[in-house]
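This note's numbering applies: residue 22 is where the sequence shown begins, and numbers increase by one.
C-beta: ideal position from N, C-alpha, C; glycine also.
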Amino acid sequence: MGVPQPLAGRHALVTGGGRGIGAAIARQLLSLGAHVTITGRDVARVTAAAAEWGDRAAGIKMDVTDPGSIEAGIKGASDHFGPIAILINNAGIAKAAPFAKTDLALWEDILRTDLTGAFLCAQAVLPGMLGLGWGRVVNVASTAGLTGLAYCTAYCAAKHGLIGLTRALAMELASKKVTVNAVCPGYTDTDIARETIANIVAKTGRSPEEALAGLVAGNPQKRLIAPEEVAEAVAWLCLPGSGSMTGQSIAVAGGELM
């Protein structure tokens, strides 16, 4: 017997899909039968990744901070694989600074990427989902969207906003067979975590091992989350059988939040 492919015939778009959590999500959705378009600012990275995954994957350049780029990207993806039935808002950035040193440029950059980008992408794909009579939107938020985090005011504000967007849109679309959920990873083994560790080492003189221990101190399992673990949760929310799950914010964080 073949491997079940419950998402066969569905077109999924994953923003920021060229590496890290986004790439893990794309691979998981492909394994479930979906056609997957990954997007990113680095067109070479996303096209190379998609080429490795076969003819059900495509990579396109798209900047989630640019409405024109989103419009062109969604159109190109839809022309290639058909209407987008699954949207994974994964693209995001993380920068830390004390509140007093968080200037307007930093604030706006994070909110534009992590919150407004998801808003714009959801607006762009929603007509296609309503036309299909079926859709899944999964926003990759963070445990920082469920609690406070010192030195990350802008990031926390953006991720809290993303969870608010998730809940409000889920309520609005509840009768349309379109679900909207958020997945909230804790510190995950990605480039962002490695950059965070490097910054801690540079600023405090701690060893990389000490910096890592500090990052995972709030996780009862005392480890970084694997991107594939986040991808499993995202994929489950996209399944046809998960239609009763909407408006939820699921922490994938080793028990960090209980």
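Span separating the alpha-carbon of residue i from that of residue j
{"i": "THR46", "j": "VAL146", "result": "Residue 46 is actually Ile in this sequence, not Thr. Their Cα atoms are separated by approximately 18 Å."}
{"i": "CYS259", "j": "THR174", "result": "31 Å"}
{"i": "PRO206", "j": "ALA254", "result": "10 Å"}
{"i": "ALA79", "j": "ALA121", "result": "43 Å"}
{"i": "MET150", "j": "GLY169", "result": "34 Å"}
{"i": "LYS224", "j": "ALA65", "result": "33 Å"}
{"i": "ALA29", "j": "ILE221", "result": "44 Å"}
{"i": "PRO148", "j": "ALA98", "result": "14 Å"}
{"i": "LEU53", "j": "MET266", "result": "19 Å"}
{"i": "GLU230", "j": "ALA219", "result": "11 Å"}
{"i": "GLY138", "j": "ARG227", "result": "35 Å"}
{"i": "ASP212", "j": "ILE271", "result": "22 Å"}
{"i": "LYS116", "j": "SER163", "result": "13 Å"}
{"i": "ILE105", "j": "LEU167", "result": "29 Å"}
{"i": "ASP100", "j": "THR58", "result": "11 Å"}
{"i": "LEU190", "j": "ALA70", "result": "31 Å"}
{"i": "PRO27", "j": "GLN49", "result": "12 Å"}
{"i": "THR187", "j": "LEU233", "result": "31 Å"}
{"i": "ILE42", "j": "ALA214", "result": "12 Å"}
{"i": "ALA126", "j": "ALA118", "result": "12 Å"}
{"i": "GLU73", "j": "THR60", "result": "15 Å"}
{"i": "GLU216", "j": "HIS181", "result": "23 Å"}
{"i": "GLU277", "j": "GLY268", "result": "21 Å"}
Cross-strand partners of residue i (DSSP beta bridge)
{"i": "SER270", "result": "ALA203"}
{"i": "ARG48", "result": "The partner list for ARG48 (beta bridge, DSSP) is empty, contrary to what the question assumes."}
{"i": "LEU108", "result": "LEU34, VAL158"}
{"i": "HIS56", "result": "HIS32"}
{"i": "ALA93", "result": "Partner(s): none; ALA93 has no beta bridge."}
{"i": "ALA118", "result": "CYS173"}
{"i": "THR164", "result": "Paired residues: none, contrary to the question."}
{"i": "GLY61", "result": "LYS82"}
Boundaries (first-last residue) of the alpha helix (DSSP H) holding residue i
{"i": "VAL255", "result": "248–259"}
{"i": "LYS82", "result": "Looking at the DSSP string, LYS82 is not in any alpha helix (DSSP H); the run it does join, the beta strand (DSSP E), is 78–82."}
{"i": "ILE184", "result": "174–194"}
{"i": "LYS224", "result": "212–225"}
{"i": "ARG66", "result": "64–74"}
{"i": "VAL85", "result": "Unbroken run through VAL85: none, as it is neither H nor E."}
{"i": "ASP130", "result": "125–132"}
{"i": "GLN144", "result": "138–153"}
{"i": "LEU233", "result": "229–236"}
Cβ separation of residue i and residue j, assumed to be a contact under 8 Å, to the nearest whole Å
{"i": "PRO241", "j": "THR209", "result": "About 16 Å separates the two Cβ atoms, so there is no contact after all."}
{"i": "ARG31", "j": "ILE107", "result": "6 Å"}
{"i": "LEU280", "j": "ASP135", "result": "The first residue shown for the chain is 22 and the last is 279, placing residue 280 beyond what the model contains."}
Any non-hydrogen atom of the ligand SAH closer than 8 Å to residue i Cβ
{"i": "GLY182", "result": "Among the components of this structure there are no ligands whatsoever, and the ligand SAH is therefore not found."}
Q) If you pair each beta-carbon of the segment 111–131 with each one of the segment 90–97, do three or more pairs fall below 8 Å? A) Taking 8 Å as the limit for Cβ pairs, the verdict is that the segment 90–97 does not touch the segment 111–131.
Q) Just checking, does the segment 230–238 make contact with the segment 260–268 on the three C-beta pairs under 8 Å criterion? A) In short, these stretches do not touch, since the Cβ pair count stays below three.
Q: Take every Cβ of the segment 27–42, pair it with every Cβ of the segment 104–115, and state whether three or more of those distances are shorter than 8 Å.
A: Of all C-beta pairs linking the segment 27–42 to the segment 104–115, three or more are shorter than 8 Å, placing the two stretches in contact.
(Q) Contact between the segment 196–205 and the segment 152–166 is defined here as three or more beta-carbon pairs at a separation below 8 Å; is this criterion met? (A) Touching, yes, given that three or more Cβ pairs across the two stretches are closer than 8 Å.
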